[in-house]
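For reference, the structure discussed in these notes is given below.
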Amino acid sequence: MVEGEVPGQARDGMEMSMAAHSHTLPAVADIWAWLDQIPDPEVPAISLVDLGIIRDIAWAGDVLQVTVTPTYSGCPATAIISLDIEATLRAHGIAALEIRRRLSPPWTTEWLSRAGRAKLAQFGIAPPRPAGGPERCPHCGGTDLERISRFGSTPCKAQWRCRDCAEPFDYFKCI
Ligand SMILES: [Zn+2]
Numbered sequence: 009m010v011e012g013e014v015p016g017q018a019r020d021g022m023e024m025s026m027a028a029h030s031h032t033l034p035a036v037a038d039i040w041a042w043l044d045q046i047p048d049p050e051v052p053a054i055s056l057v058d059l060g061i062i063r064d065i066a067w068a069g070d071v072l073q074v075t076v077t078p079t080y081s082g083c084p085a086t087a088i089i090s091l092d093i094e095a096t097l098r099a100h101g102i103a104a105l106e107i108r109r110r111l112s113p114p115w116t117t118e119w120l121s122r123a124g125r126a127k128l129a130q131f132g133i134a135p136p137r138p139a140g141g142p143e144r145c146p147h148c149g150g151t152d153l154e155r156i157s158r159f160g161s162t163p164c165k166a167q168w169r170c171r172d173c174a175e176p177f178d179y180f181k182c183i
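Residues in the sequence shown are numbered from 9 upward in steps of one, following the numbering used here.
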């Protein structure tokens with residue numbers, strides 16, 4: 009997905025293409041901050057950066073390379089995520105962009121940021137666990153849980169209920 013080549017620009021390697029630009033390229037730290045503003049389509053309470061799926065941001069000459077590891081390969085949100093990244097970066101004036109998908113190593117819940125975990129809890133969504141079920145009720149902390157439905161409000165979530173407080177909740181099973 010390389011687009012937006014500058015017309016007439018010779019691609020003779022990094023030094024030539026850097027010299028061809030009068031403006032400075034945005035700092036990678038700024039780009040991380042922009043992507044941290046994009047909500048996860050499945051769980052809008054947290055950003056793509058909180059989710060831990062943005063693995064790398066780097067300039068290769070004047071082409072920005074963003075490496076993304078989807079939460080799981082069949083996740084229908086993956087295409088939306090790529091479009092959101094592209095739209096956001098274009099809005100910030102980045103013309104040449106390459107979104108790379110990296111499937112190995114696979115995404116793990118350990119890549120969720122601390123802020124991401126806190127926000128999931130705040131919005132009543134139990135964070136994913138490798139064991140395959142929620143650990144505690146996000147409402148009362150109870151551990152007597154039952155699954156109501158394989159699918160919750162989106163395909164990446166399942167619906168569970170807590171027998172302690174009788175509240176249903178979404179479990180984020182995108183692993
Ligand atoms: Zn509960």
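Ideal Cβ placement from N, Cα and C applies to all residues, glycine included.
If you're wondering where the values come from, they're calculated on a predicted model, not measured in any experiment.
Limits of the unbroken alpha helix (DSSP H) element including residue i
i	result
threonine 96	86-99
isoleucine 65	Looking at the DSSP string, isoleucine 65 is not in any alpha helix (DSSP H); the run it does join, the beta strand (DSSP E), is 62-68.
valine 57	56-59
leucine 105	From DSSP, leucine 105 is part of no alpha helix (DSSP H) but of the beta strand (DSSP E) over 105-109.
glycine 150	It is not in any alpha helix (DSSP H) - glycine 150 carries neither H nor E in the DSSP assignment.
leucine 120	That residue, leucine 120, is in no alpha helix (DSSP H); it is neither H nor E in DSSP.
beta-carbon residue i near ligand 1 non-hydrogen atom, thresh 7 Å
i	result
glutamate 94	no
histidine 147	yes
glycine 141	no
glycine 150	yes
glutamate 154	no
aspartate 178	no
cysteine 170	yes
glutamate 175	yes
Sheet register partners of residue i (DSSP bridge)
i	result
serine 157	Gln167
proline 47	Ser55
isoleucine 133	Asp178
Residue range of the beta strand (DSSP E) that includes residue i
i	result
isoleucine 39	Premise fails: isoleucine 39 lies in the alpha helix (DSSP H), 36-43, not in any beta strand (DSSP E).
aspartate 178	176-180
leucine 72	71-76
Residue j beta carbon less than 8 Å from that of residue i
i	j	result
arginine 98	proline 78	no
leucine 33	aspartate 70	yes
valine 74	isoleucine 107	yes
arginine 171	glutamate 143	no
leucine 43	threonine 86	no
lysine 127	aspartate 58	yes
C-alpha distance - residue i paired with residue j, whole-angstrom precision
i	j	result
phenylalanine 131	glycine 60	18 Å
glutamate 50	cysteine 173	25 Å
aspartate 92	glutamine 167	27 Å
alanine 37	isoleucine 156	42 Å
leucine 105	glycine 150	46 Å
aspartate 152	tyrosine 179	14 Å
phenylalanine 159	proline 135	15 Å
serine 30	alanine 66	Bear in mind that the predicted position of serine 30 carries a pLDDT of just 49, short of 50, making it unreliable; the figure below should be weighed with that in mind. So the alpha carbons of these two residues sit roughly 20 Å apart.
isoleucine 89	glutamate 118	20 Å
alanine 103	proline 146	42 Å
proline 113	glycine 141	22 Å
arginine 19	leucine 72	Only weak support exists for where arginine 19 lies, its pLDDT of 44 falling under 50; the value from the coordinates is given anyway. Taking the straight line joining both Cα atoms gives about 15 Å.
histidine 100	leucine 56	17 Å
arginine 125	tryptophan 115	15 Å
arginine 63	proline 176	33 Å
leucine 120	proline 52	14 Å
Test: residue i CB closer than 8 Å to a CB of chain D
i	result
glycine 141	Within the model displayed, chain D is absent; a lone protein chain is all it includes.
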